[in-house]
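Novice:
In UniProt numbering, the protein residues as written are 1 to 195.
Take a look at the structure:
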């Protein structure tokens with residue numbers, strides 16, 4: 001009969017080492033997953049903050065442009081520059097803080113164009129130019145400058161013009177159920193149609 005060469009404490013020691021290694025591995029996996037989830041949450045928050053700030057600014061610019069156009073068509077003086085700054089300023093400040101360089105430059109270009117339109121129309125140094133014509137030309141340039149801002153925003157946020165393609169691996173039954181559910185049929189009707 002052969003006696004084992006393993007000491008009495010060897011088996012518990014091996015069990016403790018493997019338990020500690022398993023606990024360390026579990027902690028590393030948990031820390032990695034938490035880091036990835038935190039990064040995904042920060043990315044989503046970054047995207048949402050900027051999208052909200054950009055939408056508010058674009059809406060403020062559209063409102064100011066519409067107000068300028070209606071006051072010009074009615075033959076009234078444009079609103080005072082301070083009214084414009086009070087309206088657009090709260091929407092412009094987050095963009096100035098959060099936006100990348102191209103978006104910030106495009107936003108400030110629109111802002112300066114609208115600010116100029118709210119000021120006195122005095123085309124000094126331009127002989128033969130009527131203030132109304134000058135105002136109309138500057139007002140017609142606002143949508144072009146805003147389009148450059150929209151392009152810069154789309155580039156920064158990664159917005160594409162085409163919707164994402166559906167996954168190609170769906171079988172016909174799942175695709176049929178999704179089509180029926182999106183058409184407004186309840187699930188039990190979708191199951192009856194498949195049978």
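Heads up, the beta-carbon is just placed ideally off N, CA and C, and yes, glycines get one too.
What's the gap between the Cα of residue 73 and the Cα of residue 93?
Specialist: By one-based count along the chain shown, residue 73 stands at place 73. By one-based count along the chain shown, residue 93 stands at place 93. C-alpha separation (whole angstroms): 30 Å.
Novice: The alpha helix (DSSP H) with residue 100 in it runs from where to where?
Specialist: As a first step, residue 100 is located in the chain shown; it is residue number 100 there, counting from the start. Careful: residue 100 lies outside any alpha helix (DSSP H) and carries neither H nor E.
Novice: May I have the straight-line CA-CA distance separating residue 46 from residue 151, to the nearest angstrom?
Specialist: Translated into positions along the chain shown, residue 46 becomes position 46. Translated into positions along the chain shown, residue 151 becomes position 151. One C-alpha to the other measures close to 19 Å.
Novice: Looking at the structure shown, is residue 161 part of a helix, part of a strand, or coil, going by DSSP?
Specialist: Along the chain shown, one-based indexing puts residue 161 at 161. Reduced to three states, the DSSP call for residue 161 is coil.
Novice: Quick one: grab the DSSP three-state call for residue 80.
Specialist: Within the chain shown, residue 80 is the residue found at index 80, counting from 1. Residue 80: coil per DSSP, three-state reduction.
Novice: What do you get for residue 107, buried or exposed, if any count of 16 or more other CB atoms within 10 angstroms of its CB means buried?
Specialist: Residue numbering aside, residue 107 sits at position 107 when the chain shown is read from its first letter. That one is buried.
Novice: In three-state DSSP terms, what is residue 5?
Specialist: For the purposes of this step, residue 5 is taken as residue 5 along the chain shown, with counting starting at 1. Here residue 5 sits in coil by DSSP.
Novice: Check this for me: beta carbons of residue 149 and residue 110, under 8 Å apart or not?
Specialist: Translated into the one-based positions of the chain shown, residue 149 becomes position 149. Translated into the one-based positions of the chain shown, residue 110 becomes position 110. Yes. Within cutoff.
Novice: Could you tell me if residue 48 is buried or exposed, where buried requires 16 or more neighbouring beta carbons within 10 angstroms of its beta carbon?
Specialist: For the purposes of this step, residue 48 is identified with residue 48 of the chain shown, where counting begins at 1. With fewer than 16 other Cβ atoms within 10 Å, it is exposed.
Novice: Please list the segments of the alpha helix (DSSP H) lying wholly inside the region 34-74, counting only runs of 4 or more residues, in order along the chain.
Specialist: With a minimum length of 4 residues, no continuous alpha helix (DSSP H) run stays inside the region 34-74.
Novice: Let me know if residue 44 comes out buried or exposed under the rule of 16 or more other beta-carbons within 10 Å of its beta-carbon.
Specialist: Here residue 44 refers to the residue found at position 44 when the chain shown is read from its first residue. Its Cβ having fewer than 16 others within 10 Å, residue 44 is exposed.
Novice: Under 8 Å, do residue 95 and residue 114 count as touching if we go by C-beta distance?
Specialist: One-based indexing of the chain shown puts residue 95 at position 95. One-based indexing of the chain shown puts residue 114 at position 114. No. Outside cutoff.
Novice: Given a cut-off of 8 Å, decide if residue 81 and residue 67 are closer than it, judged by their beta-carbon atoms.
Specialist: Translated into positions along the chain shown, residue 67 becomes position 67. Translated into positions along the chain shown, residue 81 becomes position 81. Cβ distance not < 8 Å, so residue 67 and residue 81 don't count as in contact.
Novice: Residue 196 by DSSP, collapsed to three states: which one?
Specialist: Here the chain comprises residues numbered 1 to 195, so residue 196 is not present and cannot be evaluated.
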